[in-house]
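Student: There's a structure below that I have some questions on.
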Ligand SMILES: Cc1ncc(COP(=O)(O)O)c(C=O)c1O
């Protein structure tokens, strides 16, 4: 089946989908994106993703390409046209097409909107989570506003590639203060020896993960103790469990950090339970 993309008002076969070479996304990474999970044909946490998209656009002073209602229709149309049951929709907005110049184009061009779908194999993803993943620490070389979900991901790309070359699936980024901020494409969590879940507070230093936010409600309902504070690599090494969260990985146990096992080197019971429960509580919309 050929995949269908939405590009600036048109649904088109992916192979023929095009944007202009003077799109500011292409030239300056002047744009933002979202990745929304589709599970059993439903969007997971759609509202939080749309809210974060609106915030990212506001921070960059890019106009919304469509109202939320129209955007919801495009997401559903992309799911239907791609017969997507399990996978993700990817949504990208850039400032639009203009002659290359750093200043914002005046008058502002129409923002470019692209939406694509990706199918995944739930069995393969579950198998990876059942194994757990390794992470490798890397300096956090990103700009100082990673709270904005911009398409400028080069520092994340380089950190994740270096982690991969060391046999890991994810990079854990270390800020200038020596504390872990987050993963290259996920939020980072540890569980201390006394059973407290710890993750970096929401501020300009991390992306405020949608999965992280939904997990907080699950953690509350299970009566688990959680602290939003920074933690060091040394504390992570001493943790009982560790895991990452993102729309694409949900809750995935971390079984090693820089080659040293976390706890007994197997996926921990708390992380595994949070993963099992996640889809039970996460908001679904069709
Ligand atoms: C740097 C970074 N942090 C955290 C996350 C997790 O965010 P979410 O749970 O909204 O997918 C992502 C997801 O892409 C990310 O790229």
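Residue numbers (the numbering used here): -19 to 266. Yeah, the Cβ is synthetic: ideal placement off N, Cα and C, and Gly gets one too.
For the stretch 70 to 137, which segments carrying the alpha helix (DSSP H) assignment without a break, of at least 4 residues, lie completely within its bounds, in sequence order?
Tutor: The stretch 70 to 137 contains these whole alpha helix (DSSP H) runs: 102 to 111.
Student: Considering only the beta carbon of each residue, do residue 130 and residue 30 sit closer than 9 Å?
Tutor: no
Student: State the DSSP-derived secondary structure class of residue 2, mapped to helix, strand or coil.
Tutor: coil
Student: If you draw a straight line from the C-alpha of residue 120 to the C-alpha of residue 35, how long is it?
Tutor: 23 Å
Student: Closer than 8 Å is the cut-off here; do at least three beta carbon pairs connect the stretch 62 to 69 with the stretch 9 to 17?
Tutor: yes
Student: Taking residue 227 as part of the alpha helix (DSSP H), name the residues at either end of that continuous run.
Tutor: No alpha helix (DSSP H) holds residue 227; DSSP gives it neither H nor E.
Student: Nearest to residue 38 by CA position, among 62, 11, 23, 26, is which residue?
Tutor: 11
Student: Which two residues bound the contiguous beta strand (DSSP E) that contains residue -10?
Tutor: -10 to -7
Student: Drop a sphere of 10 angstroms on the beta-carbon of residue 123, count the other beta-carbons inside from all chains shown, and report buried for 16 or more, exposed for fewer.
Tutor: exposed
Student: Do residue 227 and residue 25 have their beta-carbon atoms positioned less than 9 Å apart in this structure?
Tutor: Pairing residue 25 with residue 227 gives a Cβ-Cβ distance under 9 Å.
Student: Helix, strand or coil, according to DSSP, for residue 266 in the structure here?
Tutor: coil
Student: Does the stretch 125 to 144 come into contact with the stretch -6 to 10, if we say contact requires no fewer than three beta-carbon pairs (one atom in each stretch) closer than 8 Å?
Tutor: yes
Student: Between which two residues does the alpha helix (DSSP H) carrying residue 33 extend?
Tutor: 26 to 40
Student: Using a 10 Å radius around the Cβ and a threshold of 16 neighbouring Cβ atoms, would you call residue 3 buried or exposed?
Tutor: buried
Student: Count the CB pairs spanning the stretch 215 to 227 and the stretch 247 to 256 that are closer than 8 Å, and state whether there are at least three.
Tutor: Here the stretch 215 to 227 makes contact with the stretch 247 to 256; the two share three or more CB pairs at distances below 8 Å.
Student: Using CA atoms only, rank isn't needed, just tell me which of -15, 1, -11 is closest to residue -5.
Tutor: -15
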